[in-house]
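Enquirer: Here the sequence shown is numbered in my numbering, starting from 332 and rising by one per residue. Glycine is no exception: its CB is placed at the ideal position from the N, C-alpha and C atoms. Got a structure here, written out as structure tokens. Questions coming.
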Amino acid sequence: MPATAHPSTAPVSFPIGPPLQPRHSLLQDPSKTPLVIVACGSFSPVTYLHLRMFEMAYDYVADDSPFEVLGGYFSPVSDGYAKPGLAAWHHRVNMCELAVKDSTWLMVDPWEPSQPKYIRTALVLDHFNEELNGGPNGGVLLPDGTRRPIRIMLLAGGDLIQSFAVPNLWKEADLKHILGDFGCLIIERTGANVHDFLLTNDALHIHRKNVYVVKQYIHNDISSTKIRLFVRRGMSIKYLLPDPVVQYIKDNSLYSLPPEEKKDAAAL
Numbered sequence: 332m333p334a335t336a337h338p339s340t341a342p343v344s345f346p347i348g349p350p351l352q353p354r355h356s357l358l359q360d361p362s363k364t365p366l367v368i369v370a371c372g373s374f375s376p377v378t379y380l381h382l383r384m385f386e387m388a389y390d391y392v393a394d395d396s397p398f399e400v401l402g403g404y405f406s407p408v409s410d411g412y413a414k415p416g417l418a419a420w421h422h423r424v425n426m427c428e429l430a431v432k433d434s435t436w437l438m439v440d441p442w443e444p445s446q447p448k449y450i451r452t453a454l455v456l457d458h459f460n461e462e463l464n465g466g467p468n469g470g471v472l473l474p475d476g477t478r479r480p481i482r483i484m485l486l487a488g489g490d491l492i493q494s495f496a497v498p499n500l501w502k503e504a505d506l507k508h509i510l511g512d513f514g515c516l517i518i519e520r521t522g523a524n525v526h527d528f529l530l531t532n533d534a535l536h537i538h539r540k541n542v543y544v545v546k547q548y549i550h551n552d553i554s555s556t557k558i559r560l561f562v563r564r565g566m567s568i569k570y571l572l573p574d575p576v577v578q579y580i581k582d583n584s585l586y587s588l589p590p591e592e593k594k595d596a597a598a599l
């Protein structure tokens, strides 16, 4: 996430909670680079588009790339991001957990959302790198018994990438760190010409060999903003996000009009 959203200036300590473990702990093909994919965002709520982004990235990597995917993580932003419509962090973590409960490779990391202040994306990726590669048992096990460092890569939509060009929104050092040291899988979005943007944006062009553009063959524009609006208007959100997430939103009265506004609307 960008640098302007009430960032934490305090030193970041690693780790918090139990150590992270990739879903697959053994690299099957020693000729490949082990890869963990991380998506940062609000996920308020998580939708089928967010899940599909991971699956599209997985297919892209599996199709003749130098990487082997060990796992993927949702890393919801903390409440310190202070974005309108942002449900409390524990709700967003719970919804993400429900969304991935049947996945064989997707997980949720509660470290970032549990922080009291907003944590910049570059520091979140540092957290994953420290958790997965730090210490004597860091990295992934190879068939010969040796270990290899895991590559961490950011998963993002074309709209997020276009925000890289907004003046003063991202720290230049953060962009260099994210793109140069980690890399990025970009999912094409409707109306966002990612290839043109790669050519015209200096930071992306310099690190273009670390940027991988994933084509979206079936366009999916489900928006968390629209989901929240549908809930407020009493409209159905079924088939837009997993059923357990739909039920969680209902059970916890998330995104609906406050009682006083419901009374005012009924009186009109």
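Under a three-way DSSP split, which group does Pro575 fall into?
Expert: helix
Enquirer: Opposite Lys569 in the DSSP bridges: which residues?
Expert: Leu572
Enquirer: Could you give the residue range of the alpha helix (DSSP H) that holds Ile368?
Expert: First-last for Ile368: 364–372, but that is the beta strand (DSSP E), not the alpha helix (DSSP H).
Enquirer: Could you check if His458 is buried or exposed, using at least 16 other CB atoms within 10 Å of its CB as the buried criterion?
Expert: The Cβ neighbour count for His458, taken over all protein chains shown within 10 Å, is at least 16; the residue is labelled buried.
Enquirer: State yes or no: is the C-beta of Cys427 within less than 8 Å of the C-beta of Phe495?
Expert: no
Enquirer: Leaving out five residues before and five after Asn532 in sequence, what residues of the same chain have Cβ atoms less than 7 Å from its Cβ?
Expert: Phe495, Ala496
Enquirer: Roughly how many whole angstroms lie between the Cα atoms of Ala418 and Pro376?
Expert: If I take the Cα positions, the gap works out to 8 Å.
Enquirer: Tell me which residues share the same chain as Lys569 and place their Cβ nearer than 8 Å to its Cβ, disregarding the 5 neighbours each side in the sequence.
Expert: Val577
Enquirer: Would Leu366 and Met484 qualify as a contact pair, given that the criterion is a beta-carbon distance under 8 Å?
Expert: yes
Enquirer: When the Cα atoms are used, what is the spatial distance from Ser567 to Pro589?
Expert: Roughly 18 Å separates the two Cα atoms.
Enquirer: At what residues does the beta strand (DSSP E) containing Ala487 begin and finish?
Expert: 482–488
Enquirer: Which residues in the same chain have their Cβ closer than 6 Å to the Cβ of Glu519, if we skip the five residues on either side of it in sequence?
Expert: Closer than 6 Å at the Cβ level, and outside the excluded window around Glu519, lie Gly489, Val525, Lys546, Gln547.
Enquirer: Take Leu491 and list the residues in its own chain whose beta-carbon comes closer than 6 Å to its own, dropping the five residues that flank it on each side.
Expert: The beta carbon of Leu491 sits closer than 6 Å to none of the beta carbons in its chain outside the five residues before and after it.
Enquirer: By the three-class DSSP mapping on this structure, what secondary structure does Ser375 have?
Expert: coil
Enquirer: Mind checking whether Trp436 and Arg563 have CB atoms under 8 Å apart?
Expert: no
Enquirer: Could you give the DSSP three-state label for Tyr404: helix, strand or coil?
Expert: strand
Enquirer: Can you give, in chain order, each stretch of the beta strand (DSSP E) that sits fully within the stretch 501–541 and has at least 3 residues?
Expert: 515–518
Enquirer: When DSSP labels each residue in this structure, what does Glu461 get in the three-state scheme?
Expert: helix
Enquirer: Beta-carbon within less than 7 Å of Met387's beta-carbon, same chain only, minus the 5 sequence neighbours each way: which residues are those?
Expert: Ile518, Val545, Gln547
Enquirer: Which residues in the same chain as Asn583 place their Cβ atom closer than 8 Å to its Cβ, once the five residues preceding and following it in sequence are excluded?
Expert: His422.
Enquirer: In three-state terms, what does DSSP make of Arg478?
Expert: Three-state DSSP puts Arg478 in a strand.
Enquirer: For Leu585, which three-state DSSP category applies?
Expert: coil
Enquirer: Can you tell me which of the three DSSP states Glu399 falls into?
Expert: Glu399 falls in the strand class under three-state DSSP.
Enquirer: Could you check if Asn460 is buried or exposed, using at least 16 other CB atoms within 10 Å of its CB as the buried criterion?
Expert: buried
Enquirer: Exposed or buried, which one is His536 when buried takes at least 16 other CB atoms within 10 Å?
Expert: exposed
Enquirer: Rounded to whole angstroms, what's the CA-CA distance from Arg559 to Val431? Just pull it up for me.
Expert: One C-alpha to the other measures close to 20 Å.
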